[in-house]
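Asks: Handing you this structure, nothing more for now.
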Amino acid sequence: MIKAMLLVGAGSFFGGIARYLVACLLRGVGAGFPWATLTANVLGCLLIGVLWSLFSHGQASSLNLFLVVGFCGGFTTFSTFSKESLALLQSGDYTLFCLYALGSVALGILAVLLGYILAK
Numbered sequence: 376m377i378k379a380m381l382l383v384g385a386g387s388f389f390g391g392i393a394r395y396l397v398a399c400l401l402r403g404v405g406a407g408f409p410w411a412t413l414t415a416n417v418l419g420c421l422l423i424g425v426l427w428s429l430f431s432h433g434q435a436s437s438l439n440l441f442l443v444v445g446f447c448g449g450f451t452t453f454s455t456f457s458k459e460s461l462a463l464l465q466s467g468d469y470t471l472f473c474l475y476a477l478g479s480v481a482l483g484i485l486a487v488l489l490g491y492i493l494a495k
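As numbered in the numbering used here, the sequence shown has no gaps in its residue numbers, which increase by one up to the final residue, 495.
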């Protein structure tokens with residue numbers, strides 16, 4: 376149990392750093408639209424799809440804990456997505472809200488599928 380918690384914690388540490396770097400790289404891109412969160416979430420979904428495909432064939436559970444639960448959990452950010460969606464809704468920009476909320480979910484699902492297919 377301790378080993379599993381350390382693996383998840385270490386993965387989350389690196390995932391959080393990677394998420395921060397994506398935000399730094401995309402700072403100032405498309406003001407008014409949360410590109411950094413969308414990018415991190417779609418990339419995280421793509422990675423989860425790849426890892427899901429690889430680990431469904433009996434790969435080590437330690438790698439699954441570190442990469443899927445830890446890294447991808449720290450890299451993707453549903454809470455930020457939810458906050459940004461609500462902010463767009465409260466600002467009255469219903470078109471941007473719909474594009475972001477629906478686009479994030481659709482792109483996320485497609486990215487998981489693409490990652491899964493690519494890793495097969």
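Yeah, the Cβ is synthetic: ideal placement off N, Cα and C, and Gly gets one too.
State the DSSP-derived secondary structure class of R394, mapped to helix, strand or coil.
Replies: Three-state result, R394: helix.
Asks: Quick check on L382: does DSSP put it in helix, strand or coil?
Replies: L382 falls in the helix class under three-state DSSP.
Asks: Report the three-state DSSP secondary structure of K495 (helix, strand or coil).
Replies: The answer is coil: DSSP assigns K495 none of H, G, I, E or B.
Asks: Beta carbon of G448: closer than 7 Å to some heavy atom of the ligand FAD?
Replies: Absence of the ligand FAD from the depicted structure is noted, as is the absence of any ligand whatsoever, leaving it without description.
Asks: Is it the case that the Cβ atoms of A415 and F446 are separated by a distance below 8 Å?
Replies: Contact: no.
Asks: Smallest Cα separation from S387: which of L400, F430, W410, N439?
Replies: Minimum Cα distance to S387 is reached at N439.
Asks: Going by CA-CA distance only, name the one from V444, G391, C399, W410 that's closest to M380.
Replies: Taking only the C-alpha atoms, the option nearest M380 is V444.
Asks: Assuming Y469 and P409 are in contact, meaning their beta carbons sit under 8 Å apart, how far apart are those beta carbons, in whole angstroms?
Replies: In fact, because the Cβ distance is near 16 Å, the residues do not count as touching under 8 Å.
Asks: Quick test of the definition: if touching needs 3 or more C-beta pairs under 8 Å, does the region 479 to 490 touch the region 422 to 432?
Replies: Short answer: they touch.
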